[in-house]
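In the working numbering, the protein residues as written are 12 to 506.
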């Protein structure tokens, strides 16, 4: 507020000069800003030089995962292969993702070994990056939730807003670009400081691919989803090669090289810092600017513009995994069962089969009236209908796309799951291959920005124990039940 108010002086000065000299100063100023915009885009993604890193294909990564898991846990009858899809939603999504994954890891240290891939969007990507970094750092058992919450419970909004209202705003009137003024970098450095203050090392400021540098520590693959401004498709940052099997998706690592260097994406000597890779997926509207890939000048924004659940990329992964597992000639995959974990921070999240919907149905009736009222408020109605209907349609379609992707992966997984049960000759009336973690509607506002209040953080901590229900919105969750079912699956319970 004070930062914004400080610019009133300069605006008043311009108006005064224009009135005094009878010159259209504001018009000239607006034209100057427009002219400067042709050469002052200072939002380049940060790039680091590194030693060549061999990025595997998804199939090779699956072979490596299977080799590691069968050697490390030879006595377990079944090996669940978890694919995690975590939803966007600013710091709320980041904090909730780290809480869910950290809680399962604290309950059973073998959990991270069984995660094959995590697909994240926006804040979900930030939470996934923190979890993977804790795994790579070999954080002590029973410390994952605590450390993840300490890192993500800090104030990231203040540096972003300060940079937006001072250096990055000043950049708009300069004809040359100064990358230090980029407000996106200030947010990234805020994450790096939070990690440094908690873990006492600089992992979040180092190369993204360094997470997988130690051959003795297995770290789940990350798929951090952004959206291309120019094309509208996904841009995915991953340690795994993004090829044609990922439908209409671009490889973020490939975009760090010029077109004639495209093959270098397989053994890149150039990379983004971990904080930049996470931010590529979490460029929240206006708080963060569109990031620019310097080689071709293209731009990336928040992954939620394309699809906000992470399920679209998770479905691509699931399909590729099942193609390999169901090849008749491949007997080595006999004990692997792919399973989906969906993490939603939407209090009325949908998904498929994660909530005990039959038990919830009666309770949901109590909220039907309020939900209908909320939906009515979101409709344009008769007020400026011609002007507002397209805007509402775009926003609603974006949200519906995430719901659709969650339901699509749930339906596909149900079909694959039946095949897996038949393949393993397992007979159980309680077949479960989907797990859904969600937030209950709470009386405490859970923000979408980059700062959590203490009350909001405490509310989400209670959600993991299903203590977040309120009389105002009595929609229960079964997060503890989901956690226990995941742990049971780790030890060979029928999927």
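Beta carbons: idealized from backbone N, C-alpha and C, even for Gly.
Residue i versus residue j: straight-line alpha-carbon distance, rounded
i, j, result
"residue 218", "residue 224", "10 Å"
"residue 159", "residue 33", "58 Å"
"residue 404", "residue 413", "14 Å"
"residue 459", "residue 296", "11 Å"
"residue 314", "residue 30", "46 Å"
"residue 53", "residue 231", "33 Å"
"residue 197", "residue 89", "45 Å"
"residue 147", "residue 71", "20 Å"
"residue 304", "residue 502", "44 Å"
"residue 278", "residue 55", "22 Å"
"residue 100", "residue 465", "18 Å"
"residue 16", "residue 184", "18 Å"
"residue 319", "residue 24", "44 Å"
"residue 457", "residue 87", "40 Å"
"residue 190", "residue 220", "23 Å"
"residue 471", "residue 167", "18 Å"
"residue 428", "residue 181", "55 Å"
"residue 64", "residue 176", "39 Å"
"residue 271", "residue 280", "15 Å"
"residue 77", "residue 127", "10 Å"
"residue 338", "residue 425", "19 Å"
Nonlocal neighbours in the same chain, by C-beta distance under 6 Å from residue i, ignoring five residues either side
i, result
"residue 298", "171"
"residue 112", "142"
"residue 309", "241"
"residue 144", "214"
"residue 317", "238 and 245"
"residue 161", "209"
"residue 222", "143, 147 and 230"
"residue 275", "268"
"residue 79", "229"
Per-residue burial, residue i [other beta carbons within 10 Å of its own, 16 or more giving buried]
i, result
"residue 215", "buried"
"residue 290", "buried"
"residue 417", "buried"
"residue 266", "buried"
"residue 332", "buried"
"residue 75", "exposed"
"residue 193", "buried"
"residue 380", "Low confidence applies to residue 380: its pLDDT is 44, below 50, so where it sits in the model is not reliable enough to give any reading."
"residue 19", "exposed"
"residue 227", "exposed"
"residue 243", "exposed"
"residue 62", "exposed"
"residue 94", "buried"
"residue 326", "buried"
"residue 39", "exposed"
"residue 98", "buried"
"residue 273", "exposed"
"residue 132", "buried"
"residue 355", "buried"
"residue 73", "buried"
"residue 125", "buried"
"residue 123", "buried"
"residue 48", "exposed"
"residue 398", "exposed"
"residue 402", "exposed"
"residue 102", "buried"
"residue 255", "exposed"
Residues of its chain near residue i, where Cβ-Cβ distance is below 8 Å and the 5 sequence neighbours each way are ignored
i, result
"residue 247", "234, 235, 236, 237, 253, 257, 260, 261, 262, 263 and 324"
"residue 446", "350, 351, 352, 353, 365, 493, 496 and 497"
"residue 164", "106, 463 and 468"
"residue 117", "152, 153, 154, 155 and 156"
"residue 149", "228"
"residue 44", "183 and 184"
Distance between beta carbons of residue j and residue i, contact taken as under 8 Å
i, j, result
"residue 36", "residue 28", "5 Å"
"residue 187", "residue 321", "Residue 187 to residue 321, Cβ: 38 Å. No contact."
"residue 292", "residue 199", "Actually they are not in contact, since the Cβ atoms of residue 292 and residue 199 sit about 12 Å apart, beyond 8 Å."
"residue 268", "residue 300", "That belief does not hold up - the Cβ atoms of residue 268 and residue 300 are roughly 23 Å apart, past 8 Å."
"residue 67", "residue 251", "6 Å"
"residue 347", "residue 329", "That pair is no contact at about 13 Å."
"residue 130", "residue 96", "5 Å"
"residue 110", "residue 135", "Contact flag wrong, Cβ pair sits at about 12 Å."
"residue 59", "residue 283", "7 Å"
"residue 91", "residue 500", "5 Å"
"residue 201", "residue 294", "With 8 Å as the limit, residue 201 and residue 294 do not qualify as a contact, their Cβ atoms being about 14 Å apart."
Any non-hydrogen atom of the ligand MN within 8 Å of residue i CB
i, result
"residue 55", "The ligand MN is not part of the structure shown, which contains no ligands of any sort."
Close-in-space but distant-in-sequence residues of the same chain around residue i (CB under 7 Å, 5 per side omitted)
i, result
"residue 207", "213"
"residue 411", "none"
"residue 302", "54, 56, 195, 291, 294, 310 and 311"
Inset, instruction - Answer yes if the stretch 138-155 comes into contact with the stretch 166-180, meaning at least three C-beta pairs across the two stretches below 8 Å, and no otherwise. - result: no
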